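Below: one structure, written as structure tokens.
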Amino acid sequence: MEKSLGFKEEKCLLSLLKSALWGDVDPLESIGVSELCKTLALAREHTVEALVAYPVVGGKVKLACTPTSAAQRQELVMGMLRVEQTRRVQYERFKRILRELAALFRTYGIGYVVFKGVAVASHYQHPFLRAMGDIDFYVSPADFERSIDVLEREWHVKIERDETDKHYSFYWHGVRFELHHRIETFGRKRAQQEFDGWIEDVVRCQPATLDIDGEQLRVLPPVADVVVVFKHMINHLLVEGVGLRQVTDIAVLLADYHGKIDVGELRGRLRSLGYLGVFDAVVAMLDGYLGLPCAKVYSPLGKSDYRAARRLLRFVFDSGNFGRRAHAHHSDGWKKSAETAAIAFRHCLFAFGLMPGEILAFVPRRIRISIKKIFGR
């Protein structure tokens, strides 16, 4: 049930993403040089340029050109090949670093899970195409302080303790790490307690593993993985906006977990946490615009879901990666704060009908966090 979009480069971007994600023949058989330039510029704003380049470089989508655009065509192809190579190198670097983290924590018997990043990339048809950001990992409360001591002593890093957020941070080999004492935050106390208890049970008793060149990295099992990645996307959507990189993360997780996940448990968990309505809207968006093959396995999908999906996709396109595109003037100080507040208000107003309880609790909480960050207490 695909809906029309307003801009040609947006349609081209979604078609190229479908080719890269699912490997299917897409209605977009060829693309002109000028059209591809505009589409790649949009893809960079959403941090999916490697995914967009892949079907063109691989020959699935023909790059049409005239004699006058031949030189530009060659330059474009070389640029896309450089992007692909950069992503390959980046992915291998992150894998090496994560092998060392896994080995270190295994030696000291520290309970942890790595989430997002490389863990999500492993579900892509070609993991290196997923852009890496930082490394997020959670450590059980019983091991948390000891993990800080081990990391600072063995890796000679200084861990910044930011009490206003759910994680501490440090850099190692030029990569930012976020050491979480809480994976996600919720506005409602009951939802927070349920989520924290569930995650701790998962980490202590039921973690999954991801083989990283012979080292077993502890990651989240399917239901927890989907809930965490989905919740992370919604967090950013509400506050500043979210781009297509986070949307494709959800898409590949749902596609790869098809037949391996307890859908009843997933929907029950989302319902209990107050996120089922917005989850259905996201699945409708993945079905209507990215062609998620198994969408209706995860949600019944009615007309209201597709209506919400259309608005949701408009927010995504207008936002860019973590809302950077939405700040039209890229302003600083109070102007940027005002822009962010206006975006957050618009997004929360939209989401209220899909998750009213969480929105009512979320807004005051975000105000408190912002005040703490501004005044440092």
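Heads up: the sequence shown is residues 118 to 494, going by our numbering. Note that beta-carbon positions come from the ideal geometry of N, C-alpha and C, so glycine has one too. Fair warning: this is a prediction, and the values are worked out from it, not measured in the lab.
For residue i, the three-state DSSP class (helix, strand or coil)
i, result
"tyrosine 171", "helix"
"alanine 401", "helix"
"leucine 193", "helix"
"tyrosine 229", "strand"
"lysine 135", "helix"
"tyrosine 406", "helix"
"leucine 383", "helix"
"leucine 354", "helix"
"arginine 335", "strand"
"serine 389", "helix"
"arginine 166", "The residue asked about is misnamed: residue 166 is glutamate in this sequence, not arginine. Three-state result, glutamate 166: helix."
"alanine 325", "strand"
"glutamate 301", "coil"
"leucine 130", "helix"
Backbone CA spacing between residue i and residue j [nearest angstrom]
i, j, result
"glycine 109", "alanine 181", "Lying before the first or after the last residue shown, residue 109 is absent from the chain, which here runs from 118 to 494."
"leucine 268", "tryptophan 289", "10 Å"
"leucine 403", "aspartate 266", "43 Å"
"serine 286", "lysine 233", "16 Å"
"glycine 140", "valine 274", "42 Å"
"isoleucine 491", "aspartate 279", "Residue placement at isoleucine 491 is poorly supported in this model, since its pLDDT is 46, which falls under 50; the coordinates are not used for a value here."
"isoleucine 495", "proline 339", "Past the boundaries of the shown model lies residue 495; the chain is included only from 118 to 494, so the question cannot be answered."
"arginine 463", "arginine 299", "27 Å"
"glutamate 332", "tryptophan 272", "19 Å"
"valine 206", "serine 389", "41 Å"
"serine 136", "isoleucine 316", "35 Å"
"glycine 437", "glycine 405", "20 Å"
"phenylalanine 467", "aspartate 435", "15 Å"
"glycine 391", "asparagine 352", "13 Å"
"alanine 219", "lysine 179", "42 Å"
"leucine 383", "leucine 193", "42 Å"
"arginine 431", "alanine 372", "23 Å"
"isoleucine 276", "alanine 459", "34 Å"
"glutamate 119", "serine 257", "Note on glutamate 119: pLDDT 42, under 50, position unreliable in the model; the coordinate value appears next. Distance between the alpha carbons of glutamate 119 and serine 257: 43 Å."
"glutamate 357", "histidine 163", "14 Å"
"arginine 355", "histidine 284", "For the record, residue 355 in the displayed sequence is leucine; it is not arginine. Rounded to whole angstroms, leucine 355 to histidine 284 spans 20 Å at the Cα level."
"leucine 471", "threonine 224", "45 Å"
"alanine 426", "leucine 361", "14 Å"
"serine 416", "cysteine 322", "29 Å"
"arginine 247", "alanine 308", "31 Å"
"glycine 175", "methionine 197", "11 Å"
"arginine 335", "phenylalanine 469", "35 Å"
"threonine 203", "arginine 210", "11 Å"
"arginine 270", "glutamate 201", "36 Å"
"arginine 424", "phenylalanine 312", "29 Å"
6 Å CB neighbourhood of residue i in its chain, flanking five on each side removed
i, result
"glutamine 363", "Met350"
"leucine 159", "Glu126, Leu130"
"aspartate 422", "Asp397, Ala398, Ala401"
"leucine 133", "Val169, Pro172"
"phenylalanine 294", "Ile252, Phe287"
"isoleucine 329", "Lys212, Leu215, Arg216"
"glutamine 189", "Val150"
"serine 264", "Ile227, Val256"
Where the alpha helix (DSSP H) through residue i begins and ends
i, result
"phenylalanine 312", "306-322"
"tyrosine 415", "412-415"
"serine 436", "420-436"
"arginine 362", "361-373"
"alanine 238", "234-238"
Extent of the continuous beta strand (DSSP E) to which residue i belongs
i, result
"phenylalanine 287", "284-289"
"threonine 156", "Per DSSP, threonine 156 belongs to no beta strand (DSSP E); it is in the alpha helix (DSSP H), 150-162."
"aspartate 253", "252-256"
"aspartate 330", "Careful: aspartate 330 lies outside any beta strand (DSSP E) and carries neither H nor E."
"glutamate 295", "292-297"
"lysine 179", "179-181"
Chain-order list of residues whose beta-carbon lies under 7 Å from that of residue i (same chain, five-residue window excluded)
i, result
"histidine 375", "Cys411, Val414"
"leucine 387", "Val344, Leu393, Phe396"
"valine 346", "Lys233, Val237, Asp366, Ile367, Leu370"
"aspartate 260", "Ile227, Gly228"
"tyrosine 208", "Ala238, Pro244, Phe245, Met249"
beta-carbon residue i near the ligand ADP non-hydrogen atom, thresh 7 Å
i, result
"glutamate 166", "Only the bare structure without any ligand can be found here, which leaves the ligand ADP out of the picture."
Close-in-space but distant-in-sequence residues of the same chain around residue i (CB under 8 Å, 5 per side omitted)
i, result
"valine 319", "Val230, Leu337, Pro338, Ala341"
"arginine 428", "Phe467"
"leucine 407", "Leu131, Leu134, Lys135, Leu138, Val364, Thr365, Ala368"
"glutamate 152", "Lys125, Glu126, Cys129"
Within-8 Å CB hit, residue i to chain D
i, result
"cysteine 129", "Within the model displayed, chain D is absent; a lone protein chain is all it includes."
(message) I want to know whether the stretch 239-248 touches the stretch 152-170 - three or more CB-CB distances under 8 Å.
(response) yes
(request) Decide yes or no for the touch test of the stretch 471-480 against the stretch 297-317: beta carbon pairs closer than 8 Å, at least 3 of them. (result) yes
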